[in-house]
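Let me begin by presenting the structure, written as structure tokens, before commenting on it.
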Amino acid sequence: MRVWSPIASTASLAVTAATVSASSTPLASASPAPKWNTLSGKMTRLVGHRGEKAFMPEHSLGSYWQAALEGADYIEPDLGLTKDGHLIVNHNEYLGGTTNIARIPELAHLKSNKTWVYDVDGREKTVYNEWFVADLTLEQIRMLRINQASEYTWRPQHFNGYFGILTFEEYLQVVRNVTIELGRPFGVIPELKSPTLYNRGRSYDRYFEDRAILTLEHYGWANITRWINRDQHIDLRLSVKLRPLGTAVLGPSAWQSFDMDSARYLAQHTDVPVVALVEQLPWAFTPAGLDRLAGFAKILSTWKDIFVAGPEAYLRHYNITWDEQDIEQMGGFIAPKDLVREAHSRGIELSPYTFYDSRQDMAYMCQDDNVESKSKFCPKSKAEELFYFFDMGVDYMFVENIVEASTLRLQYDNQLAQAA
Ligand SMILES: *[C@@H]1O[C@H](CO)[C@@H](O)[C@H](O)[C@H]1NC(C)=O
Ligand SMILES: *[C@@H]1O[C@H](CO)[C@@H](O)[C@H](O)[C@H]1NC(C)=O
Ligand SMILES: *[C@@H]1O[C@H](CO)[C@@H](O)[C@H](O)[C@H]1NC(C)=O
Ligand SMILES: *[C@@H]1O[C@H](CO)[C@@H](O)[C@H](O)[C@H]1NC(C)=O
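In terms of my numbering, the numbers along the sequence shown are unbroken and rise by one, the last being 449.
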């Protein structure tokens, strides 16, 4: 597999991508599309991780356009909430690594430490000496410029400083725009980051979720199915100038959350499918755990190693503990080879993350000295890696370098067609 040169080829990427994405049925012949092992039987859908993070500063206008041009099926935003109640897109709850905030003297005094509960089992996370989205107003956020994290030396750094942080509304407008401009639908898949942190000090408990729901509804990607306290959001002045879609059709939508209470709330209040992001919850990887998740989640998304080394080895590697008896009672840990079948049999689709661009270490537990947690699968190439997951029948994948992933997806589809 050829390695894409991010520096030389923004334009040529776009051309290649147009070729790849122009036809969602790549073999434009009379033969029926080959059947994949996914729940729908269709090809695995590619989610552009934070847009197209491999080439552009993440979550920027450039990153989202790049993801669209490369033919992503979904374009991912992560949501945070400013002090004055604006939803913005940013991965972390804080702004240090990916913006120029450390170089803005007027904002220096806003640096702090914070602790919050980040999962339903009550685990806490503390972050030191950072600038938190929740402490800044939108006006202050507007002073910032997004940078490619500097440790990723192989990614282009020369777009640093071009883009500002977008609001959730602006993200939705961008996706609307690319849908119209490129004449094909794109899915929106917002992740609500750390609801316990963003709901802290607000007028009521699900303030963050309700604001996200009202915004997504406004743009046509959600219907509200249960009462929401709109009176608490009269200050949410959503843009009235929606660009007309014309003949364009909006793509699908899905929520994501690591917080299972929040995920359940989103499922109960909208008709939008929910992605349960599950990594360090041992119970979730048992048959009874999947039954519980199936009560509200349509998609289970987890770290890709869990499909390879299995939940137990993965959890041990991260020093997560559990009660053996509880896990036994829930049916025991599901073996990695059975994970997709067990999920699909409950109507749950699977979405592993994150598949990096081929310049980055694939980061399986292969090199780990700890034999117990050693992965059975150490791919030598991007093709070997992706084909393993395509064979398994995962329904979605969070990817970086979307062109590379979609080119390999096309090759896999051709192989299936030839084998049929
Ligand atoms: C954050 O915590 C560290 C370590 O306890 C401490 O040295 C520092 O002063 C704290 N920073 C702020 C802004 O409170
Ligand atoms: C969407 O497209 C319109 C028309 O080209 C443009 O004016 C607007 O700025 C775009 N919105 C975003 C958020 O990029
Ligand atoms: C909202 O409901 C309408 C009418 O049932 C339906 O056509 C539309 O697809 C729904 N939209 C979303 C985003 O679920
Ligand atoms: C797990 O615990 C061991 C022993 O305390 C430690 O050496 C290791 O770094 C921990 N692993 C992780 C991923 O935190």
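Glycine included, each C-beta is placed from N, C-alpha and C at the ideal position.
Bear in mind the structure is a predicted one, so any value in this text is a computation, not a measurement.
Span separating the alpha-carbon of residue i from that of residue j
i      : j      : result
Gln95  : Ala323 : 34 Å
Ser52  : Tyr347 : The pLDDT assigned to Ser52 is 43, lower than 50, so where the model puts this residue is not dependable; a value taken from the coordinates is nonetheless given after this. Rounded to whole angstroms, Ser52 to Tyr347 spans 42 Å at the Cα level.
Ser50  : Ser435 : Because the pLDDT of Ser50 is 45, which lies under 50, any placement of that residue in the model is unreliable, and the question is left without a value.
Lys143 : Gln202 : 32 Å
Trp33  : Glu433 : With a pLDDT of only 33 at Trp33, under the threshold of 50, the placement of this residue in the model should not be trusted; the figure read from the coordinates follows. Rounded to whole angstroms, Trp33 to Glu433 spans 8 Å at the Cα level.
Glu238 : Gln447 : 46 Å
Gly459 : Glu153 : Not covered by the structure: residue 459. The range shown for the chain is 30 to 449.
Glu198 : Leu267 : 8 Å
Ile218 : Ala97  : 14 Å
Asp148 : Ile133 : 33 Å
Gly249 : Phe427 : 24 Å
Arg174 : Phe188 : 10 Å
Arg205 : Tyr93  : 11 Å
Gln440 : Trp256 : 47 Å
Arg438 : Met72  : 8 Å
Asp150 : Lys270 : 42 Å
Glu429 : Thr155 : 28 Å
Ala342 : Asp367 : 15 Å
Ser282 : Asp290 : 20 Å
Leu56  : Gly70  : Its pLDDT being 47, under 50, Leu56 is placed unreliably in this model, and the value from its coordinates should be taken loosely. Roughly 16 Å separates the two Cα atoms.
Leu108 : Ala449 : 43 Å
Ser374 : Arg229 : 38 Å
Gln444 : Pro61  : 14 Å
Ser387 : Ser410 : 8 Å
Thr383 : Asp424 : 14 Å
Ala83  : Gln186 : 11 Å
Thr54  : Val207 : Reliability of the predicted coordinates at Thr54 is poor, the pLDDT of 46 falling under 50, and no value is obtained from them.
Asp442 : Gln354 : 43 Å
Glu210 : Val301 : 25 Å
His247 : Asp352 : 44 Å
Ala252 : Thr182 : The amino acid at residue 252 is misidentified as Ala; the sequence shows Asn. Their backbone Cα atoms lie some 42 Å apart in a straight line.
Trp332 : Tyr123 : 22 Å
Assumed close pair residue i, residue j - CB separation to whole angstroms, cut-off 8 Å
i      : j      : result
Phe215 : Gly275 : Not quite, the Cβ-Cβ distance comes to about 16 Å (not below 8 Å), so this is no contact.
Val337 : Pro365 : 6 Å
Leu116 : Arg240 : 6 Å
Leu494 : His262 : The chain is shown only over 30 to 449; residue 494 falls outside these bounds and no answer can be derived.
Ala277 : Gly212 : 7 Å
Gln309 : Leu344 : 7 Å
Leu195 : Val303 : Not quite, the Cβ-Cβ distance comes to about 23 Å (not below 8 Å), so this is no contact.
Arg231 : Tyr294 : Their Cβ separation, rounded to whole angstroms, is 14 Å, which puts Arg231 and Tyr294 out of contact at 8 Å.
Proximity below 8 Å, CB of residue i to CB of residue j
i      : j      : result
Glu99  : Glu81  : yes
Phe325 : Ala296 : yes
Glu87  : Thr127 : yes
Gln177 : Arg171 : no
Ser330 : Ala292 : no
Trp450 : Leu221 : With the chain covering 30 to 449 only, the question about residue 450 has no answer from this structure.
Cys407 : Tyr385 : no
Leu165 : Lys112 : yes
Asp288 : Pro340 : no
Ala317 : Gly360 : yes
Tyr191 : Gly125 : no
Asn258 : Tyr233 : yes
Thr299 : Thr254 : yes
Ala101 : Ile431 : yes
Asp260 : Gly114 : no
Glu357 : Ile363 : no
Residue i - containing alpha helix (DSSP H), residue span
i      : result
Gln440 : Ile431 to Ala448
Ile470 : This structure leaves residue 470 out entirely; the chain is present only between 30 and 449.
Ile170 : Leu167 to Ile170
Arg174 : From DSSP, Arg174 is part of no alpha helix (DSSP H); its letter is neither H nor E.
Gln95  : Leu90 to Leu98
Val203 : Phe197 to Leu211
Tyr343 : Pro340 to His346
Arg421 : Here residue 421 turns out to be Met, not Arg, going by the sequence shown. Looking at the DSSP string, the run of the alpha helix (DSSP H) that includes Met421 is Lys411 to Met421.
Ser286 : Unbroken run through Ser286 is the beta strand (DSSP E), Trp284 to Ser286; no alpha helix (DSSP H).
Leu322 : Pro316 to Ala323
Thr244 : Tyr236 to His247
Endpoints, beta strand (DSSP E) assigned at residue i
i      : result
Ser141 : Lys140 to Val146
Asp107 : Asp107 to Leu110
Val76  : Arg74 to Gly77
Leu116 : Leu116 to Val118
Glu2   : Residue 2 lies beyond the stretch modelled for the chain, which goes from 30 to 449, so this question has no answer here.
Ile328 : Ile328 to Trp332
Tyr425 : Tyr425 to Val428
Val304 : Val303 to Leu306
task: Could you tell me whether the segment 406 to 423 touches the segment 65 to 80, using the rule of 3 or more Cβ pairs below 8 Å?
output: Below 8 Å, enough C-beta pairs join the segment 406 to 423 and the segment 65 to 80 to call them touching: three or more.
- prompt: Counting pairs of Cβ atoms below 8 Å between the segment 73 to 89 and the segment 154 to 163, do you hit three or more?
  reply: No: the two stretches stay apart, fewer than three of their Cβ pairs being nearer than 8 Å.
field: the segment 365 to 384 touching the segment 331 to 345, judged by at least three CB pairs closer than 8 Å
entry: Contact holds: three or more Cβ-Cβ distances are below 8 Å.
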